[in-house]
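Please read the structure below before turning to the comments.
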Amino acid sequence: MAENSITTAKKAVVIGGSTGSIDVLLQVLPALSTPLTYVFIIVLHRRNTADSTLAHLLSLKTIIPVREVEDKEPIKPGIIYLAPADYHVLIERDRTFALDDSEKVNYSRPSIDVTFESAADVFGPSLIGVLLSGANADGTAGLKAIKRKGGLLVTQLPETAQAAMMPQQAILNTQVDYILDIEGISSLLNNLNL
Amino acid sequence: MIEDEQMDLLLTDLFERYGYDFTHYARASLKRRINRVWSLDKFPSFAELRYRIRTDTEYIKRFVEELTVNVTEMFRDPFFYKALRTDVLPTLAAKPFIRIWHAGCSTGEEVFSMAILLKEAGLLHKSLLYATDLNPDVLASARKGIVALSQMKQYSENYVLSGGVADFSMYYTAQYGYAKFLDELAERMVFSTHNLVSDRSFNEFDLILCRNVLIYFDKALQQRVLSLFDESLGLLSYLALGAKETLRFSTLEAKYRPLNGEKIWRKIA
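First to last, the protein sequences are chains A and B. Just add 371 to the spot in the first sequence (first one is 1) and you have this note's numbering. Just add 385 to the spot in the second sequence (first one is 1) and you have this note's numbering.
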């Protein structure tokens, strides 16, 4: 049992974003205190090119390892996981990743809703869902699922987002717990790191 | 939204009544598929969904088709196809006869892509393409060689990125919003149902393609299917998987050598 308590993090964070959200992450990642003690998963809408330039770009901004999700990989705290281009990321009960290339959701694959809903199922009340800048409505249904399971909802302050629609949709349609600017998001994440 | 225990009931029904075994499919994604059909077909309760599955043999076809993912495209991951052109087909060219198996071929877009590669390499006349799927309805659709014309812009871009130099439109005729591929391409194809969960190996192949199927299975089933492929591959034959699938964690790893960064392995022992 002892080894389980080391590898099983208490908290998990899923962050979703679209247009304008890469810039946010490029500011948030360097501000994160290390080592990360929670599970950290990023879902960004991206062009359908199977390259890893985004993971590389993000990895330049932090000493925390950044990895594209591999199918069946066990989820560990202390790593920044990034959804790969053209696949949905789901999470199994045994805390491994499962990839899925089924239909696009909200015209997107990876879809934020898909990962948020699946993570809500597994992490329940210990999940924090964060929705960043974006010009569509992906993520709102996912946040609702997180709320139903007792998790915490955070959106970027729409005035600070390059594309305000995604956080606005969430604020209008769900009960968001925190609406934060970029600095606020960084410090909330650092407060989880206890 | 379906509960885990309800899901177990459905999977037991599907296996006991119809012989479809989904128990070793990856749960999270299967759950999403079931919730999707539940809402698409507007079942008011789990009891009614289950009753329909237990009693309506026509509906089973639709249900199983919706449970399995049938998303595919032509020349998907164009650099994978480029590797087939430059690294795989030239070595297969020395064979008197080439047998290729597309396992889990869905609606056939990848089989037609392969037929085009073979034709351009001057190998189609001595090749046979076996295309299998567990679902008879998607195979029927594959056999027709018809795809929506609206897809053709994307497919033709993929084709060019894969190293294709011909005019892609020479491979099909367009009518009423659909594109039908030349009969010449389909002549070398054999379509047949085959369930990777329960069926055995049925031939020896020079190349097996199974792209984006293993991700839907749990580890035990992945291992079983990989062994089935291994039994079906001759020495120095090739196995091709999807962009996020790997032999790395399987017992087969030592017998195969990866090619060029793409998801293609050659059997060396």
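Here a beta-carbon is modelled for each residue, glycine too, at the ideal position from N, C-alpha and C. Remember, predicted model here, so these are calculated numbers, not experimental data.
Which of helix, strand or coil does DSSP assign to Ile485(B)? If you number the second sequence from 1, residue 485(B) lands on position 100. DSSP places Ile485(B) in strand when its eight states are reduced to three.
Can you look up Ala469(A) in the DSSP assignment and give me helix, strand or coil? Position 98 of the first sequence, counting from 1, holds the residue named residue 469(A). Collapsing the DSSP output to three states places Ala469(A) in a strand.
Measuring only between beta-carbons, confirm whether Asn597(B) sits less than 9 Å from chain A. For the purposes of this step, residue 597(B) is taken as residue 212 along the second sequence, with counting starting at 1. For Asn597(B), the answer is yes, since a Cβ of chain A falls inside 9 Å of its Cβ.
Minimum Cβ-Cβ distance from Leu470(A) to chain B less than 9 Å: Taking the first residue of the first sequence as position 1, residue 470(A) is located at position 99. Taking a beta-carbon distance threshold of 9 Å, Leu470(A) counts as an interface residue toward chain B.
Just list the residues that DSSP pairs Lys565(B) with in beta bridges. Residue 565(B) sits at position 180 when you count from the first residue of the second sequence. Per DSSP, Ile531(B), Thr558(B).
With distances taken from CA atoms, which of Ile649(B), Leu620(B), Phe634(B), Tyr641(B) is nearest Lys480(B)? Against the second sequence, residue 480(B) aligns to sequence position 95. Checking every option, the nearest Cα to that of Lys480(B) belongs to Leu620(B).
Run through chain B and tell me which residues come within less than 7 Å of Ile462(A), C-beta to C-beta. Here residue 462(A) corresponds to residue number 91 of the first sequence, with the count starting at 1. Taking a Cβ-Cβ threshold of 7 Å, the residues of chain B close to Ile462(A) are Ala413, in chain order.
Keeping to the same chain, check which residues put their C-beta closer than 7 Å to that of Glu439(A); ignore five residues upstream and five downstream. Here residue 439(A) refers to the residue found at position 68 of the first sequence. So the list reads Ser423, Ala426, Leu453, Pro455, once near-sequence residues are dropped.
According to DSSP, which residues form a beta bridge with Trp423(B)? Mapped onto the second sequence, residue 423(B) falls at position 38. Trp423(B) pairs with nothing; no bridge assigned.
CB of Lys504(B) within 9 Å of CB of Glu569(B), strictly: Taking the first residue of the second sequence as position 1, residue 504(B) is located at position 119. Taking the first residue of the second sequence as position 1, residue 569(B) is located at position 184. Contact flag set, yes.
Strand pairing of Tyr520(A), partner residues [DSSP]: Taking the first sequence and counting its residues from 1, the one referred to as residue 520(A) is at position 149. The sequence given here places Lys at residue 520(A); Tyr does not occur at that position. DSSP, once it has assigned bridges, lists no residue as partnering Lys520(A).
Alpha carbon to alpha carbon, what distance is there between Tyr561(B) and Leu514(B)? Position 129 of the second sequence holds residue 514(B). Position 176 of the second sequence holds residue 561(B). Using only the alpha carbons, I get a separation of about 28 Å.
Give a yes or no on whether 9 Å exceeds the smallest Cβ distance from Gln536(B) to chain A. Mapped onto the second sequence, residue 536(B) falls at position 151. For Gln536(B), the answer is no, since every Cβ of chain A falls outside 9 Å of its Cβ.
Can you find a CB in chain A that lies within less than 9 Å of the CB of Phe634(B)? Indexing the second sequence from 1 puts residue 634(B) at position 249. For Phe634(B), the answer is yes, since a Cβ of chain A falls inside 9 Å of its Cβ.
Residues near Arg537(B) in its chain [Cβ-Cβ closer than 6 Å; skip 5 each side]: Counted from its first residue, the second sequence places residue 537(B) at position 152. The question names Arg, but residue 537(B) is Met in the sequence shown. Excluding positions up to five away in sequence, the list reads Ala564.
For Glu542(B), does the count of other Cβ atoms within 10 angstroms reach 16, so buried, or fall short, so exposed? As a working mapping, residue 542(B) is identified with position 157 in the second sequence. Glu542(B) should be labelled exposed.
Span of the beta strand (DSSP E), counted from its first residue to its last, around Tyr409(A): Indexing the first sequence from 1 puts residue 409(A) at position 38. Counted as a single uninterrupted DSSP element, the stretch harbouring Tyr409(A) is not any beta strand (DSSP E), since DSSP gives it neither H nor E.
What is the DSSP secondary structure of Arg461(B), reduced to helix, strand or coil? Position 76 of the second sequence, counted from the start, is the residue given in the question as residue 461(B). Three-state DSSP puts Arg461(B) in coil, outside helix and strand.
For Asn455(B) versus Asn520(B), is the C-beta spacing smaller than 9 Å? Taking the second sequence and counting its residues from 1, one reaches residue 455(B) at position 70. Taking the second sequence and counting its residues from 1, one reaches residue 520(B) at position 135. Contact: yes.
Between Leu581(B), Ile387(B), Gln391(B), Asp615(B), which has its C-alpha nearest Gly489(B)'s C-alpha? Here residue 489(B) refers to the residue found at position 104 of the second sequence. Nearest C-alpha to Gly489(B): Leu581(B).
Selection of the region 429-446 of chain A by Cβ proximity to chain B, strictly under 9 Å: Result list: Glu439, Val440, Glu441, Asp442, Lys443.
Of the listed residues Ala478(B), Gly507(B), Ile485(B), Val575(B), nearest to Leu524(B) (C-alpha basis): Working through the second sequence from its first residue, we reach residue 524(B) at position 139. Here the closest residue by C-alpha is Val575(B).
When DSSP labels each residue in this structure, what does Gly387(A) get in the three-state scheme? Sequence index remark: in the first sequence, residue 387(A) carries index 16 (1-based). Reduced to three states, the DSSP call for Gly387(A) is strand.
Cβ of Gly507(B) less than 9 Å from any chain A Cβ? Translated into the one-based positions of the second sequence, residue 507(B) becomes position 122. Judged by the 9 Å Cβ criterion, Gly507(B) is not in contact with chain A.
If I measure Cβ to Cβ from Met386(B) and keep anything under 7 Å in the same chain, skipping five residues before and after, which residues do I get? Taking the second sequence and counting its residues from 1, the one referred to as residue 386(B) is at position 1. Contacts found: Asn420.
Can you find the residues in the same chain that come closer than 8 Å, C-beta to C-beta, to Leu407(A), ignoring five residues on each side of it along the sequence? Taking the first sequence and counting its residues from 1, the one referred to as residue 407(A) is at position 36. Closer than 8 Å at the Cβ level, and outside the excluded window around Leu407(A), lie Ile435, Pro448, Gly449, Ile450, Ile451, Asn564.
What residue from Arg519(A), Asn544(A), Lys520(A) has the CA that sits closest to Thr526(A)'s CA? The residue given as residue 526(A) occupies position 155 in the first sequence. Taking each of Arg519(A), Asn544(A), Lys520(A) in turn and checking the Cα distance to Thr526(A), the smallest one comes out for Asn544(A).
Leaving aside the five residues before and after Ser404(A) along the sequence, list all residues of the same chain whose C-beta is less than 6 Å from its C-beta, in chain order. Here residue 404(A) corresponds to residue number 33 of the first sequence, with the count starting at 1. Asn561, Asn564, listed in sequence order.
How would you call Ser558(A), buried or exposed, if buried means at least 16 neighbouring beta carbons within 10 angstroms? Sequence index remark: in the first sequence, residue 558(A) carries index 187 (1-based). Counting other Cβ atoms within 10 Å of its Cβ, Ser558(A) stays below 16 and is therefore classed as exposed.
With a cut-off of 8 Å on the beta carbons, I'd call Leu509(B) and Arg417(B) a contact; round off their distance for me. As a first step, residue 509(B) is located in the second sequence; it is residue number 124 there, counting from the start. As a first step, residue 417(B) is located in the second sequence; it is residue number 32 there, counting from the start. So it is not a contact: roughly 39 Å between Cβ atoms.
Short Cβ contact (9 Å threshold) for Asp471(A) with Ala605(B): In the first sequence, residue 471(A) corresponds to position 100, counting from 1. In the second sequence, residue 605(B) corresponds to position 220, counting from 1. Not in contact: Asp471(A) and Ala605(B) (Cβ atoms no closer than 9 Å).
Would you mind sorting Asn375(A) into buried or exposed? The rule is 16 or more other CB atoms within 10 Å of its CB. Taking the first sequence and counting its residues from 1, the one referred to as residue 375(A) is at position 4. Below a pLDDT of 50, predicted positions are generally treated as unreliable, and Asn375(A), at 44, falls in that range; the measurement from the model is reported next regardless. Result: exposed.
Reduced DSSP category for Leu644(B) - H, G, I as helix; E, B as strand; rest coil: Position 259 of the second sequence, counted from the start, is the residue given in the question as residue 644(B). Per DSSP, reduced to three states, the secondary structure at Leu644(B) is coil, with no helix or strand assignment.
Is the Cβ of Glu554(A) closer than 9 Å to any Cβ of chain B? By one-based count along the first sequence, residue 554(A) stands at place 183. No, because no Cβ of chain B sits closer than 9 Å to the Cβ of Glu554(A).
Can we count Ala506(B) as close to the ligand FAD, meaning its CB is less than 8 Å from some heavy atom? Although the ligand FAD was asked about, the structure shown includes no ligands whatsoever.
For Leu415(A), write down the residues that DSSP places opposite it in a beta bridge. As a working mapping, residue 415(A) is identified with position 44 in the first sequence. Its beta-bridge partners are Gly388(A).
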